[in-house]
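Remarks on the structure that follows.
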Amino acid sequence: MRILVVEDEVKMAALLKRGLEEEGYSVDVATDGQEGLWMALESEYSVVVLDVMLPEIDGFEVCKQIREAEKWYPVLMLTAKDEVEARVKGLDCGADDYLTKPFSFSELAARMRALIRRGSIPRPTVLVVGDLKLDPGKRQVFKAGEEVNLSPKEFSLLEILMRHPGEVFSRTRLIENVWDFSYEGTSNVVDQYVAYLRRKLERPSSLTFIETVRGTGYRLRQVHN
Ligand code: CA
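Residue numbers (our numbering): -9 to 215.
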């Protein structure tokens, strides 16, 4: 699960990043509205935690533009004061929930879990490629009607490939979408996860498979019969 935190206060951003990573999330941090918006539109996130008071573009505007781009992941706004007006404005711009500073980390973590359980609204449609079916809302994958259990990273990797069947993804692009921008490991991790996915998904009679494109990366192919 990838989380985007948009927060200009360095100390606060670092605290959130560390805390959320301890909960098992991958966390990207943006320190102004412009950067936050760019990252939110460039990648897929499970939740965006968005401070209201930001340099460049404020949190309300960032949220509004995320929705205008038809990105439906849950947005949790952080407001400085318990202002009714801020809350109304927050929900009006398409935010799902808000939290007033100061808040406890456990409160934030609980809200995030609730948002993740609820998923995106409107729920993204179920993806179908060949004999593969992936439900982003329920986080389920079926191969020829049989449910397959995937780890969160395997799921994210398959999801991005299924959103763009036939399109070649470089290892770098996959890392940026499935891991996070500050991931410093080697791109071998992609090969490793593709191997895991193949082991779980490919059967002798598979109609869908992950193809290695020499010197470039990977793509999801389907056999037409
Ligand atoms: Ca701020």
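Even glycine gets a Cβ: it sits at the ideal position worked out from N, Cα and C.
For residue j and residue i, the rounded distance between their alpha carbons
| i | j | result |
| --- | --- | --- |
| residue 101 | residue 110 | 14 Å |
| residue -9 | residue 64 | 13 Å |
| residue 159 | residue 29 | 18 Å |
| residue 121 | residue 130 | 14 Å |
| residue 188 | residue 43 | 45 Å |
| residue 184 | residue 53 | 33 Å |
| residue 23 | residue 132 | 38 Å |
With 16 other Cβ atoms within 10 Å as the buried cut-off, status of residue i
| i | result |
| --- | --- |
| residue 40 | buried |
| residue 113 | At residue 113, the pLDDT of 43 sits below 50, so the modelled position is not reliable; the number obtained from the coordinates is stated separately. With fewer than 16 other Cβ atoms within 10 Å, it is exposed. |
| residue 198 | buried |
| residue 27 | buried |
| residue 25 | buried |
Whole-angstrom C-beta distance between residue j and residue i, which should lie under 8 Å
| i | j | result |
| --- | --- | --- |
| residue -5 | residue 6 | 5 Å |
| residue 164 | residue 191 | Not confirmed; about 16 Å, so no contact. |
| residue 168 | residue 150 | 6 Å |
| residue 89 | residue 61 | In fact, because the Cβ distance is near 20 Å, the residues do not count as touching under 8 Å. |
| field | Unbroken stretches of the alpha helix (DSSP H), 4 residues or longer, contained in the stretch 19 to 48 | value | 23 to 32
| query | Should the stretch 128 to 142 be regarded as contacting the stretch 88 to 102, the criterion being three or more beta carbon pairs within less than 8 Å? | reply | Between the stretch 128 to 142 and the stretch 88 to 102 there are fewer than three C-beta pairs closer than 8 Å, too few to call the two in contact.
| message | Could you tell me which whole alpha helix (DSSP H) segments of length 4 or greater appear in the stretch 127 to 189? | response | 142 to 153 and 161 to 168
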